[in-house]
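Q:
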Amino acid sequence: DIQMTQSPSSLSASIGDRITITCRASQDISNYLAWVQQKPGKAPRSLIYAVSSLQSEVPQKFSGSGSGTHFALTITNLQPEDFATYYCQQYKTYPPTFGQGTKVEI
Amino acid sequence: QVQLVQSGAAVRKPGASVKVSCKASGYTFTSYYMHWVRQAPGEGLEWVGLVNPYDGNTSYAQKLQGRVSMTRDTSTKTVYMELSRLTTDDTAVYYCAKDIHSSGCFQRWGQGTLVTVSS
Numbered sequence: 386d387i388q389m390t391q392s393p394s395s396l397s398a399s400i401g402d403r404i405t406i407t408c409r410a411s412q413d414i415s416n417y418l419a420w421v422q423q424k425p426g427k428a429p430r431s432l433i434y435a436v437s438s439l440q441s442e443v444p445q446k447f448s449g450s451g452s453g454t455h456f457a458l459t460i461t462n463l464q465p466e467d468f469a470t471y472y473c474q475q476y477k478t479y480p481p482t483f484g485q486g487t488k489v490e491i
Numbered sequence: 877q878v879q880l881v882q883s884g885a886a887v888r889k890p891g892a893s894v895k896v897s898c899k900a901s902g903y904t905f906t907s908y909y910m911h912w913v914r915q916a917p918g919e920g921l922e923w924v925g926l927v928n929p930y931d932g933n934t935s936y937a938q939k940l941q942g943r944v945s946m947t948r949d950t951s952t953k954t955v956y957m958e959l960s961r962l963t964t965d966d967t968a969v970y971y972c973a974k975d976i977h978s979s980g981c982f983q984r985w986g987q988g989t990l991v992t993v994s995s
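Line by line, the protein sequences give chains A and B. Count along the first sequence from 1, then add 385; that gives the number in the numbering used here. Count along the second sequence from 1, then add 876; that gives the number in the numbering used here.
1) Residues of chain B with CB under 9 Å from residue 483/A, in chain order?
2) Of the residues 980/B, 951/B, 879/B, which one's Cα is nearest the Cα of residue 912/B?
3) How long is the line joining the alpha carbons of residue 451/A and residue 940/B, rounded to whole angstroms?
4) Going by beta-carbon coordinates alone, are residue 460/A and residue 468/A separated by less than 7 Å?
5) When the Cα atoms are used, what is the spatial distance from residue 889/B to residue 456/A?
6) Report the residue ranges of all beta strand (DSSP E) runs contained in full by the segment 944 to 982 of chain B; include only those spanning at least 3 residues, in chain order.
7) Go ahead and label residue 892/B buried or exposed: buried means 16 or more other beta carbons lie within 10 angstroms of its beta carbon, across all protein chains shown.
8) Please report the straight-line C-alpha distance between residue 464/A and residue 400/A, rounded to a whole angstrom.
9) Per the DSSP calculation, residue 905/B is bridged to which residue(s)?
10) Roughly how many angstroms separate the alpha carbons of residue 404/A and residue 952/B, rounded to a whole number?
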């Protein structure tokens, strides 16, 4: 299985900040990379697919970049609703696998 | 709009089975894979398997092979996940998730179903 490693595991930020979360794959996954947001006690919400394509109704404050084995999720102008845990996920090969998550806290 | 509505929470004893449902609406049911992903308390996300609603073909996580079964009912646009020989390690929230097509990339998620395995 392809291993996905995120950094940092957690980060503290303030309202209005710009943050970046990184994700590394254990092998080349081309552009088969997605990002998922999860708030406490809630179902996950898909944000980005194919590295940088936004899912419907996802605001442009979220952006993704990278290719191959190194990827990043950037969130600008952090708002209270953005404080959550973010997971990267590869879908180059089955089984789909997730990173361990990055918790973004105030 | 796409909606996935799952069945309610379940409590089972070790060794028992559980069957969770996920009713889809707002799109062509047979055109998109449906996955199941689980999350143990305080843990990350783990892929369980998928069913192709078009023909019923399935693919399961290797660690659950032999214990998990996924089916679909096209008349009611519902998919089912059954897990047998439950252990306490199966305690988790189980989510159904609609694929963007057939890629393994998730587009929309159900609200989740908590399955608790306890003696």
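We treat Cβ as the ideally placed atom computed from N, Cα and C, and that holds for glycine. Since the model is a prediction, treat every value here as computed from it, not as a measurement.
A: Based on what the coordinates show:
1) 913, 920, 921, 922, 923, listed in chain order.
2) 980/B
3) 33 Å
4) Taking 7 Å as the cut-off, the beta carbon of residue 460/A is found no closer than this to the beta carbon of residue 468/A.
5) 42 Å
6) 944 to 949, 954 to 959, 968 to 975
7) exposed
8) Cα atoms of residue 464/A and residue 400/A: separation of roughly 5 Å, rounded to the nearest angstrom.
9) According to DSSP, which records beta bridges pairwise, residue 905/B is partnered with nothing at all.
10) Straight-line Cα distance between these residues: approximately 43 Å.
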